[in-house]
Amino acid sequence: MTAAAAIATIDDLFVRGGIVAPDALARARLASEESGEPIDAVVTRLGLVSERAIATACAEALGAPLLGAADLPAAPVAPGAIASRFMQALRLVPVAEEADGVAIAFANPLDGFAVAAAAFALDRPVKIRVATASDIES
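Just so we're aligned, residue 161 is where the sequence shown starts under our numbering, counting upward by one.
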C-alpha cells in the first residue's frame, strides 16, 4: 500500500487527484465540521463529486478492488464480530473471510481509524475493498 502513503487522507485524494478544487474543499470541510458528516459525504451532498468518482479514485490510489452493490454479500460475513452501528457509522461492510484476513468494503478506505478498528474487532488482518457509501448502506 505505498499509494496510501502518497495519498494519506481523503482530502489529499480530492486535491492531488484534481477531484475537488482546493477552495471548494475548504468550504466543504467547514460544512463537514459543522454537520459532523464525513467530508466525502458532504462533497457528494453538495454535488461537487459523485460517490462513484470518489470510490474509483480511492480504489485506484490504493490499488484495491472497486466493488459494486452486486459484489456485496446478501448474508453477513463474520456476523456479530463488528457491531452494526459501528459498521454504519464508519460505512464499512465485511465481504469475505479469506485465509489471510477479512475483505472489507469501505466507503472511505483512507480512514485509518476505520481500517484499524475493523482489524482490532475481527482480530484478523483487513484486506481493503472499496465501495460507494450508498452501496454499503443498502
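Ideal Cβ placement from N, Cα and C applies to all residues, glycine included. Just so we're clear, the structure is a prediction, and the values are computed from it rather than from any experiment.
Applying the 10 Å Cβ sphere with the 16-neighbour rule, what's the burial state of residue i?
i	result
residue 198	buried
residue 245	exposed
residue 280	exposed
residue 192	buried
Quick check on residue i: does DSSP put it in helix, strand or coil?
i	result
residue 288	strand
residue 252	strand
residue 297	helix
residue 193	helix
residue 226	strand
In terms of residue numbering, what span does the beta strand (DSSP E) encompassing residue i cover?
i	result
residue 262	261-266
Report, in whole angstroms, the separation of the C-beta atoms of residue i and residue j, which I expect to be a contact under 8 Å.
i	j	result
residue 175	residue 190	Contact doesn't hold; Cβ gap of about 16 Å is too wide.
residue 173	residue 221	6 Å
Span of the alpha helix (DSSP H) holding residue i?
i	result
residue 222	211-222
residue 270	Unbroken run through residue 270: none, as it is neither H nor E.
residue 170	170-176
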